[in-house]
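Notes follow the structure.
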Amino acid sequence: MQRRQTFLRHCALLGICAGMLLPFYWVLKTAVTNENIYAYPPRLLPASPHLFNFVDVWYFIPFPRYLLNSLIVSALVVGCNIGFNAMAGYALTKSFPAKRAVLLLFLSCMLIPFQATIIPAYLITSKLGLLNSYFGLALPLLSTIVCIFVFKAAFEAVPQSLVDAARIDGLGEWRIILRILLPLSKAAIATNVVLAFIWSWNAFLWPLIITRDPTMQTLPLGLARFLSYLEDTTGALYAFAVMVLVPSIFVFLMAQKEFIRGLTSGATKG
Amino acid sequence: MARAKTDDFAARGSGWWQRRRTRELALVACFLLPSLTIFFLYRVLPLGWNVLLSLQYWSPLKPARWAGLDHYEEMLIYDEVFWQALKNTLIFIGASPFAIALALGIALLVNGNLKGAAVYRSIVFLSYPLMTVAVGIIWRWMYDERGGIINFALRESGIIAKPIPFLQSFEWALPSVIVAEVWQVLGFYMIIILTGLQSIPPHLYEAASIDGAPRWAQFMRITLPMLKPSLFLCVVIGILNSFTSFDLVYIMTNGGPGHATELLITYIYKSGFGQTKFDYAAALTIMQFILLLLLTLLANFIAGGNAGSLEHR
Amino acid sequence: MPRWTKNRWVIVPLTIAVMVLAWNGYVALNAGGDVEGRVVDAAGRPVPDATVILLERHFVMHNERQRTHTDSSGNFRFGGNDNHSLQLEAQAAGLGRSERRVVRLWFRAQNVRLSEPLQFAGRLP
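Just so you know, the protein sequences line up as chains A, B and C, in that order.
Once you know that position 103 of the first sequence is 103 in my numbering, the rest is easy, because the numbers rise by one and skip nothing.
Once you know that position 103 of the second sequence is 1103 in my numbering, the rest is easy, because the numbers rise by one and skip nothing.
Once you know that position 35 of the third sequence is 2035 in my numbering, the rest is easy, because the numbers rise by one and skip nothing.
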């Protein structure tokens, strides 16, 4: 009875996984096939598969330019995120007069989704003169509240005796942070890196509003822009989509645990 | 040197303590400054500015004039597209309970010591961290009339005779986009529910089994109530998703055909950056924000208040 | 070996960096822009003094870029190719035009030698 149940569970899960993986397979098959992709009936397996669509996308788009833009913006976002969020998280572990107000401010900012701010955000960024620049692309994402609380929890988990001993030994605040707190919060840093990277890599609406030059566009914009150009019968568009998905999947596989922990820490924080 | 420090400790004169406390407060202020600046610039200030903009006639080249509630009047009484977008957004949100139920089923299947559970979880969650633009392109291709597998499967199995133009038909466009969105967010729901499931103390189930309660009753009386915080969070995420699914709609249908898949967020984008009616778009944004708050409060109320959390956690 | 080097956050980026460097090295060594091949007739005999045309892909069209002639053993060679998607065609008096061979490269100006010779449909007298 138990074995039959387990068998049924596996069957159901396999069916669900097949359904979840089907879109990936279909796009991958379209990207490597060597036939007219609009011919009906579509073949289930790629016909004489070749990888030259990827070469075409690399040179014709040009993929390296968009990749570089996305990488620079993501690097800016990740770097600043770690810095700002760690600082704010550390500050929140201390007690100071306006602490409750600041906490309330942070929590209420979580309720304001980015989409509720796009028009003034555009106006503010244009007043700052940062339209169409890497810094302007990165600016709204430079600090996230979820990550601040992740750092706060990680810093508070460090035993107070350690910090007190360091203080008595005469270490200054900065030394305490750099030498004691940060090395013990590696998980929080990893979570922050992964979350910040994924959010900045996938951002579409903000770059769409901010960029004017085609040369400043990031990968999602490049993909959307070439939607109409690349819709020929060779599946080059889907090769582009596959190339765009590879970094996300790769980062996900490397950092699954951190990513999931970051997402659910916001859930269990309350 | 140590002796001098001990003297300082012993003295604890107001001078030393005050200086140290001031330094600490200055440090806290410095550390909070960058994050607070970002949030002020890009969350608080825009919200306030939106309210202000929605009450003015403003265009980038002309000075502002007071408009009062004119924009809201135009939106609520004369603008059909707004009501269509609102309806579409609500349908989008209405689909999330089904997605959450499906995720609950998957989480229950995957929970416990099943061999390969981690692999199943990874596969289901794989779709979440992907670029939504790419997901839109993938699903656009899946729905294609000639090259798409959905039409192919339906025709081969005899359910339909001619291909259905999913993304170009008035009835099928919005459900198609909703299916794509559910595919992407299912893993996230599953992860949240799994975290909730794993925090249910097993002794509750043991006690219920000893008392002879059937599995179904255990599920209804133990699992579901203790999952309320997780389910509430899923509902909030579902509401937020309907407001943030700009990428999917932009790529798959761009609001079409007609305005059949127009969401509030796409309409805001089109008004603000397509027609450059910044003031009207600001009013739309405020309406969307109010709707978001109302729905969240409603979900909170249905979940029994306090974000559904239980007394003993 | 210190423990931090066994961390996946170190190994994986390092491996990727090494692979990228190795690939770029390979590309640098093999990007001479040479395209070589042979031209034969239907019977497999080399066709001397045939005109070979190199076409370059430009969006959906192919534009002629270079022309050369085969030598006495039917070999031809182009230099200075800087594209990655080419077509080759041969023409000879009395044999008309040969097949149009599509040549897709892995990177621009890759040195390539045709594995199969360009073949005419007819035979030399």
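Using N, Cα and C, we set each Cβ at its ideal position, and we do this for glycine too.
Bear in mind the structure is a predicted one, so any value in this text is a computation, not a measurement.
Which listed residue (the options) has its alpha carbon closest to that of residue i
| i | options | result |
| --- | --- | --- |
| L123 (chain A) | B:A1281, B:F1232, B:G1304 and B:F1289 | B:A1281 |
| V193 (chain A) | A:K257, A:L162 and A:L205 | A:K257 |
| S133 (chain A) | A:V73, A:A86 and A:G262 | A:V73 |
| I1100 (chain B) | B:V1135, B:E1181, B:A1217 and B:H1203 | B:E1181 |
| L1248 (chain B) | B:L1174, B:G1187 and B:M1287 | B:L1174 |
| C17 (chain A) | B:I1077, B:I1038 and B:A1103 | B:A1103 |
| F151 (chain A) | A:F84, A:G129, A:I260 and A:F63 | A:F84 |
| Q1275 (chain B) | B:F1039, B:L1027, B:V1051 and B:P1060 | B:P1060 |
| T144 (chain A) | A:I82, A:E231, A:L208 and A:L223 | A:I82 |
| A2028 (chain C) | C:L2014, C:I2011, C:A2109 and C:Q2087 | C:A2109 |
| F197 (chain A) | A:L8, A:G79 and A:K29 | A:G79 |
| S200 (chain A) | A:R4, A:L71, A:L14 and A:Y25 | A:L71 |
| L1032 (chain B) | A:R3, A:A86 and A:P62 | A:A86 |
| I964 (chain B) | B:G1272, B:K1062, B:F1039 and B:L1263 | This structure does not reach residue 964 (chain B), given that chain B is present from 1001 up to 1313, and the question cannot be answered. |
Residue span of the beta strand (DSSP E) that contains residue i, given as start and end
| i | result |
| --- | --- |
| W1066 (chain B) | K1062 to W1066 |
| W1058 (chain B) | Q1056 to S1059 |
| A2090 (chain C) | S2085 to A2092 |
| N2063 (chain C) | M2061 to H2069 |
| H1203 (chain B) | First-last for H1203 (chain B): P1202 to I1210, but that is the alpha helix (DSSP H), not the beta strand (DSSP E). |
| H2058 (chain C) | T2051 to H2058 |
| V2103 (chain C) | G2096 to R2104 |
| R2038 (chain C) | V2035 to V2040 |
Neighbour list for residue i in chain A, Cβ cutoff strictly below 8 Å
| i | result |
| --- | --- |
| H2084 (chain C) | V55, D56 and Y59 |
| R2108 (chain C) | Y59 |
| L1053 (chain B) | I119 and P120 |
N- and C-terminal bounds of the alpha helix (DSSP H) containing residue i
| i | result |
| --- | --- |
| T2015 (chain C) | R2008 to N2030 |
| F2076 (chain C) | Element bounds for F2076 (chain C): not the alpha helix (DSSP H) but the beta strand (DSSP E), N2075 to F2078. |
| R1140 (chain B) | T1132 to M1142 |
| V77 (chain A) | F63 to T93 |
| G1105 (chain B) | S1096 to V1110 |
| P120 (chain A) | I118 to K127 |
| L1240 (chain B) | K1228 to T1244 |
| L28 (chain A) | Q2 to V32 |
Within chain C, the residues that residue i reaches when beta carbons sit closer than 9 Å
| i | result |
| --- | --- |
| F226 (chain A) | Here the premise fails: no neighbours, minimum Cβ distance about 12 Å. |
Nearest-angstrom beta carbon gap, residue j and residue i [assumed within contact, 8 Å]
| i | j | result |
| --- | --- | --- |
| G1255 (chain B) | T1266 (chain B) | 5 Å |
| N2111 (chain C) | D2034 (chain C) | 5 Å |
| V77 (chain A) | A121 (chain A) | That belief does not hold up - the Cβ atoms of V77 (chain A) and A121 (chain A) are roughly 15 Å apart, past 8 Å. |
| I1200 (chain B) | T264 (chain A) | Their Cβ separation, rounded to whole angstroms, is 15 Å, which puts I1200 (chain B) and T264 (chain A) out of contact at 8 Å. |
| V1235 (chain B) | S1096 (chain B) | 7 Å |
| R212 (chain A) | L131 (chain A) | 7 Å |
Interface partners of residue i on chain B, CB under 7 Å
| i | result |
| --- | --- |
| Y90 (chain A) | F1031 |
| A241 (chain A) | A1134, I1137 and I1138 |
| Y40 (chain A) | R1146 |
| N202 (chain A) | M1131 and T1132 |
Chain-ordered chain A contacts of residue i [CB-CB under 7 Å]
| i | result |
| --- | --- |
| R2003 (chain C) | The contacting residues do not exist; R2003 (chain C) stays about 13 Å from chain A at best. |
| W2023 (chain C) | In chain order: nothing, as chain A lies at least about 12 Å away. |
| W1172 (chain B) | Chain A residues near W1172 (chain B): none, gap ~18 Å exceeds 7 Å. |
| F1273 (chain B) | I209 |
| S1122 (chain B) | Q256 |
Interface residues of chain B facing residue i [CB-CB closer than 9 Å]
| i | result |
| --- | --- |
| S248 (chain A) | P1129, L1130, M1131 and A1134 |
Contacts of residue i in chain C (Cβ-Cβ under 8 Å)
| i | result |
| --- | --- |
| M254 (chain A) | R2008, W2009 and V2012 |
Neighbouring residues, chain B, relative to residue i (Cβ below 8 Å)
| i | result |
| --- | --- |
| R167 (chain A) | Within chain B, no residue comes near R167 (chain A); the closest Cβ sits about 11 Å away, beyond 8 Å. |
| L245 (chain A) | L1130, M1131 and A1134 |
| L260 (chain A) | In the sequence as presented, Leu is not what sits at residue 260 (chain A); that position holds Ile. Ordered by position in chain B, the residues that pass the 8 Å Cβ test against I260 (chain A) are F1125 and I1191. |
Chain-ordered neighbours of residue i on chain A, where CB pairs are closer than 9 Å
| i | result |
| --- | --- |
| P1344 (chain B) | Lying before the first or after the last residue shown, residue 1344 (chain B) is absent from chain B, which here runs from 1001 to 1313. |
| R1944 (chain C) | The question about residue 1944 (chain C) has no answer here: the residues shown for chain C are numbered 2001 through 2125. |
| M1142 (chain B) | L22, P23, W26 and V27 |
When you compare the segment 2100-2116 of chain C with the segment 2080-2090 of chain C, are there three or more beta-carbon pairs, one atom per stretch, that lie closer than 8 Å? yes
Quick one: any contact between the segment 208-220 of chain A and the segment 61-72 of chain A, if contact means 3 or more CB pairs under 8 Å? yes
Say whether the segment 1153-1170 of chain B touches the segment 1080-1088 of chain B, bearing in mind that this needs 3 or more beta-carbon pairs closer than 8 Å, one atom from each stretch. no
The segment 106-121 of chain A / the segment 51-65 of chain A touching (three or more Cβ pairs under 8 Å): no
What are the residues of the segment 1073-1085 of chain B that lie near chain E, defined by any Cβ-Cβ distance shorter than 9 Å? No chain E is present in this structure, whose protein chains are A, B and C.
Three or more C-beta pairs below 8 Å linking the segment 29-42 of chain A and the segment 94-102 of chain A: no
Count Cβ pairs between the segment 151-164 of chain A and the segment 175-183 of chain A that sit closer than 8 Å; are there 3 or more? yes
Say whether the segment 1112-1128 of chain B touches the segment 224-234 of chain A, bearing in mind that this needs 3 or more beta-carbon pairs closer than 8 Å, one atom from each stretch. no
Does the segment 240-248 of chain A come within contact of the segment 1121-1139 of chain B, defined as at least 3 CB pairs closer than 8 Å? yes
Does the segment 1051-1069 of chain B come within contact of the segment 1151-1163 of chain B, defined as at least 3 CB pairs closer than 8 Å? no
Hey, is the segment 2086-2094 of chain C in contact with the segment 2042-2055 of chain C, meaning 3+ C-beta pairs nearer than 8 Å? yes
Specify whether the segment 2056-2074 of chain C and the segment 19-39 of chain A touch according to this definition: at least 3 beta carbon pairs, one from each stretch, less than 8 Å apart. no
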